Each structure stands twice: as structure tokens, then as C-alpha cells.
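Structure, as C-alpha cells:
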Amino acid sequence: MSQMFGTTGQRVLTDREIAEDILTSHKYLSNYYYAPAILESMDPGLRSTFQQIHNDTQSEAKQVFDYLNARGWYRPRQADAQSVTELRNIAEESRQIVSALSSGGQKFGTTGGVTGQTVIGQTGIDVQTGFGRPATQGIAMGGTTGGTWGGTAGAASVGQTWQSTAGQGNLQAGTGWQPSYSQPGQWTGTQAGEGQSGMGPSSVAQWARWGGQPSWTGLQSGGWSGHGGVTAGTAGAASAGQTWQSAGPSTWQAGTGWQPSYSQPGHWTGTQAGEGQSGMGPSSLAQWARWGGQPSWTGTQSGSLIGQTGVAGATGITGGFQSTGAYAQSDIRNRELS
Amino acid sequence: MPLTQTETWYLSECIKGETLMCQKLASYANQVQDPQLRNLVNDLQRTCQRHVDMLTNHIR
Numbered sequence: 000m001s002q003m004f005g006t007t008g009q010r011v012l013t014d015r016e017i018a019e020d021i022l023t024s025h026k027y028l029s030n031y032y033y034a035p036a037i038l039e040s041m042d043p044g045l046r047s048t049f050q051q052i053h054n055d056t057q058s059e060a061k062q063v064f065d066y067l068n069a070r071g072w073y074r075p076r077q078a079d080a081q082s083v084t085e086l087r088n089i090a091e092e093s094r095q096i097v098s099a100l101s102s103g104g105q106k107f108g109t110t111g112g113v114t115g116q117t118v119i120g121q122t123g124i125d126v127q128t129g130f131g132r133p134a135t136q137g138i139a140m141g142g143t144t145g146g147t148w149g150g151t152a153g154a155a156s157v158g159q160t161w162q163s164t165a166g167q168g169n170l171q172a173g174t175g176w177q178p179s180y181s182q183p184g185q186w187t188g189t190q191a192g193e194g195q196s197g198m199g200p201s202s203v204a205q206w207a208r209w210g211g212q213p214s215w216t217g218l219q220s221g222g223w224s225g226h227g228g229v230t231a232g233t234a235g236a237a238s239a240g241q242t243w244q245s246a247g248p249s250t251w252q253a254g255t256g257w258q259p260s261y262s263q264p265g266h267w268t269g270t271q272a273g274e275g276q277s278g279m280g281p282s283s284l285a286q287w288a289r290w291g292g293q294p295s296w297t298g299t300q301s302g303s304l305i306g307q308t309g310v311a312g313a314t315g316i317t318g319g320f321q322s323t324g325a326y327a328q329s330d331i332r333n334r335e336l337s
Numbered sequence: 000m001p002l003t004q005t006e007t008w009y010l011s012e013c014i015k016g017e018t019l020m021c022q023k024l025a026s027y028a029n030q031v032q033d034p035q036l037r038n039l040v041n042d043l044q045r046t047c048q049r050h051v052d053m054l055t056n057h058i059r
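Just so you know, the sequences run in chain order A and B.
Taking numbering that gives the first Met the number 0, the leading residue of the first sequence gets 0, the next gets one more, and so forth.
Taking numbering that gives the first Met the number 0, the leading residue of the second sequence gets 0, the next gets one more, and so forth.
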């Protein structure tokens with residue numbers, strides 16, 4: 000490329016450099032100015048203006064890109080085969096997760112076989128050979144250490160890395176001792192992953208803070224709780240200093256608290272939603288009780304306590320728990336509340 | 000409706016960004032060699048000026 004010099008001897012920009020700078024500037028304006036400005040605007044007129052300009056900016060950026068691309072000055076590199084394969088796996092995994100959610104949550108983990116899944120329920124211990132709806136009222140995951148869990152989101156043992164495919168692996172709940180037997184009801188577990196290590200208060204906590212009901216009642220909706228699970232997972236993975244890979248692959252980190260899965264008749268330990276575990280913010284339920292409400296386990300049956308504990312074990316694994324785990328919890332709650 | 004603090008901030012940043020963009024495009028229009036690119040730059044500059052007008056109209 001020949002260099003051009005102006006009358007003062009200073010090098011002037013080439014057409015390519017000028018076009019590239021215009022494209023870069025448009026990208027910057029679009030990404031860092033207009034996109035967030037739209038999201039942050041409350042005034043409808045201003046929001047509309049930002050949206051119009053954002054659209055213009057993106058359209059102009061495309062024109063500049065076409066100019067560069069037509070001259071061979073901007074040729075995005077083709078994806079390699081491995082990346083495409085990984086992308087396909089991720090897409091397939093996501094389709095399965097979404098499909099499981101849209102089917103009303105009757106099933107999940109349809110692709111991941113489960114062997115030796117221990118289910119803690121009201122009636123004790125049951126062994127599932129699949130990961131459909133649990134046969135007992137209880138929790139279908141996480142209560143035992145080393146149980147193999149194959150949800151659609153996959154699972155991995157502590158310290159291992161998620162595979163991009165809907166995989167299965169050893170699920171180890173929490174770092175503490177978590178026996179798989181059950182007794183009636185003392186809940187010491189966590190709730191929906193909230194407050195697990197490194198996580199701040201969940202949205203559920205916000206909800207409770209506004210005078211709402213304890214968070215578990217808000218988790219009746221499978222979709223809603225599923226979303227919360229994803230959120231919790233993301234936060235958990237981040238707190239562990241580990242990296243998510245798109246739709247779930249991640250390294251899981253167990254919670255730090257001791258979360259026995261057995262229970263005894265009902266006194267509230269005050270350990271709610273994993274609070275007291277490392278780096279956790281206040282839980283919703285603890286907040287709620289502090290403001291004069293009832294402790295969150297009130298109104299649940301012993302099965303739910305056990306179930307909660309089981310979930311706590313699962314959510315002790317911050318990270319890839321995602322919607323599947325949360326769903327299991329909501330499923331149980333639906334049963335109990337119905 | 001009075002603007003929020005956040006809206007005010009984004010509005011000011013966008014106005015400054017568009018103004019700088021206009022200045023650059025005006026300068027580029029005199030530098031480019033390719034007539035096709037010059038036309039494109041001129042079009043972009045006009046749009047940019049319109050954007051500044053749209054944004055400044057929200058300041059009452």
C-alpha cells in the first residue's frame with residue numbers, strides 16, 4: 000500500500016483507513032452509546048430518537064462494511080470446523096433445554112441418561128433410572144454425593160469442566176457431608192442457589208424485600224424458576240473465577256456450607272438460602288422473616304424440606320445448575336402447593 | 000417529562016459523539032480519493048448532522 004503525504008509532509012490517511020475508521024466509529028457509537036441509551040431511557044420520545052439513530056448507525060456501518068468488503072479490505076475469517084461443531088452442539092443442547100421447558104416441565108434430561116440417581120423424597124430414598132418426574136415427592140437431584148446426573152443442561156462434578164454437549168457427570172453437592180437419608184423436617188439448606196458463594200441477593204430476595212411472600216412461593220412457575228437458576232448459575236460460576244461457555248458448560252464449584260439432607264421436626268436454623276456461606280448476600284427468606292414475616296419453611300411440608308435440602312445440595316454447586324435444577328425444585332413445590 | 004440523570008448523560012455523550020463524527024466526516028470528504036467513498040462519506044455526514052439535530056431537540 001502506498002503511503003500518501005499531504006502538502007505539509009504529514010502522512011494522510013488512505014481510503015481504506017478512512018473507511019475503517021468510519022466503520023469503527025459507527026460500531027462504537029452503536030454499541031456503547033445508542034444501545035445502552037435505548038435501554039436506559041425512560042422518556043418515550045428520547046428512547047425513540049435513540050432507536051432511530053441506532054438503526055441509522057447500524058445501516059451506515061453496513062454500507063461502510065460493504066465498501067471495504069467489496070475491495071477485499073475487510074474479510075472476516077471463516078469459522079473453523081471445530082468451532083462450527085461446538086456451535087452445533089451448543090445449539091442442540093439449547094434446543095433440548097428450551098424444549099423441556101416448553102413441554103411443561105414434565106421431563107427434563109431427555110438426552111442425558113441417569114444412572115443411579117438417588118431421589119430423596121418423603122418416603123425415603125428412591126432410585127430413579129431416568130430423570131423424568133421424580134417418583135416420590137422430593138428432590139430428584141443432588142442429595143447424594145457422587146450421584147450421576149444427566150440433565151439436559153448436563154452436569155459435571157466439582158472441579159471438572161462442562162462438556163459442550165448435553166453430558167453427564169458426577170454431581171457432587173456441596174463440599175460438606177450430605178447424607179441421602181431423610182427424616183422429618185429441619186431445613187438447613189439453600190434455596191434456588193441464591194446467596195451461594197459470591198452471589199448477591201437474588202431477584203427473589205428483592206421481591207421479598209418489597210413485602211412479598213417468601214421466595215419459594217415465587218418459584219412455582221417452572222419457567223420463572225428456571226430463569227433464576229440460570230442466573231444463579233452464572234453468578235456462581237463467576238464467583239468461582241471460572242468461565243461459562245455459552246449455554247451451560249462451566250466448571251462447577253460446590254457450596255461451602257454443610258447441608259445435610261436429612262431433617263428433623265421444624266425449628267428454623269436461620270440458615271436460609273445458603274446465607275452464611277462464603278461471599279453470600281442476605282437471603283430473601285431471612286430478610287422476609289426479619290421484617291416480621293414467617294420463616295420461609297413455614298407452610299411447607301416435610302417433603303419440601305427434604306426437597307429443599309436436596310436442591311440445596313444441588314445448588315451448592317454454583318454454576319451449571321441452570322434451569323434444570325431450579326426446575327426440579329419448582330416441580331416439587333408445585334406438587335406440595337397444589 | 001423531565002430527563003433523568005442517565006438520559007442526560009447519554010444524550011450529552013451521543014451529541015458529542017455525533018458532533019465529532021460530523022467533524023471527521025467533513026475532514027474525510029476532502030481526503031478520500033475514491034469518488035464512491037466520497038459520496039458515501041458525504042451521505043454519512045448529512046445523516047450525522049440530522050442526528051445532532053434530533054438529539055439536541057430533546058434539550059429544552
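For glycine and all other residues, C-beta sits at the position ideal for the given N, C-alpha and C.
Predicted, not measured: the structure shown is a model, and the values here were computed from it.
Could you tell me whether the Cβ atoms of residue i and residue j are closer together than 8 Å?
i: C13/B; j: Y31/A; result: no
i: Q62/A; j: L39/B; result: yes
i: L12/A; j: Q32/B; result: no
i: M9/B; j: A99/A; result: Contrary to the premise, residue 9/B reads as Tyr rather than Met in this sequence. No; because the gap between Cβ atoms is not below 8 Å, this pair is not in contact.
i: L22/A; j: F64/A; result: yes
i: A60/A; j: K26/A; result: yes
i: R15/A; j: W72/A; result: yes
i: H53/A; j: A34/A; result: yes
Any idea if residue i is buried or exposed, counting beta-carbon neighbours within 10 angstroms, 16 or more meaning buried?
i: M75/B; result: Examination of residue 75/B is not possible in this model, given that chain B is present from 0 through 59 alone.
i: G16/B; result: buried
i: R83/A; result: Note that residue 83/A is Val in the sequence shown here, rather than Arg. When all chains shown are included, V83/A counts as exposed.
i: Q44/B; result: buried
i: L87/B; result: Outside the modelled stretch of chain B, which goes from 0 to 59, sits residue 87/B, for which no answer is possible.
i: C47/B; result: buried
i: Q77/A; result: exposed
i: I58/B; result: exposed
i: T55/B; result: exposed
i: L38/A; result: exposed
i: Q22/B; result: exposed
i: S101/A; result: exposed
i: Q95/A; result: buried
i: S11/B; result: exposed
i: S40/A; result: buried
i: S24/A; result: buried
Which whole-angstrom value is the C-beta distance of residue i and residue j, which I expect to be below 8 Å?
i: A18/A; j: L86/A; result: With a Cβ gap of about 30 Å, A18/A and L86/A do not count as contacting.
i: M53/B; j: T48/A; result: 5 Å
i: T18/B; j: V51/B; result: 6 Å
i: E6/B; j: D55/A; result: Actually they do not touch by this definition, with Cβ atoms about 19 Å apart.
Specify the secondary structure class of residue i as computed by DSSP and reduced to three states.
i: V11/A; result: strand
i: Y73/A; result: coil
i: T6/A; result: coil
i: V40/B; result: helix
i: M0/B; result: coil
i: D65/A; result: helix
i: H57/B; result: coil
i: D79/A; result: coil
i: V51/B; result: helix
i: V97/A; result: helix
i: G103/A; result: coil
i: Q30/B; result: coil
Just to confirm, does residue i get its C-beta within under 7 Å of one of the non-hydrogen atoms of the ligand ATP?
i: D20/A; result: The model depicted lacks the ligand ATP and carries no ligand whatsoever.
query: Going along the chain, which unbroken runs of the alpha helix (DSSP H) with 4 or more residues stay wholly within the segment 22-63 of chain A?
result: If we require 4 residues or more, the alpha helix (DSSP H) runs fully inside the segment 22-63 of chain A come out as 34-39.
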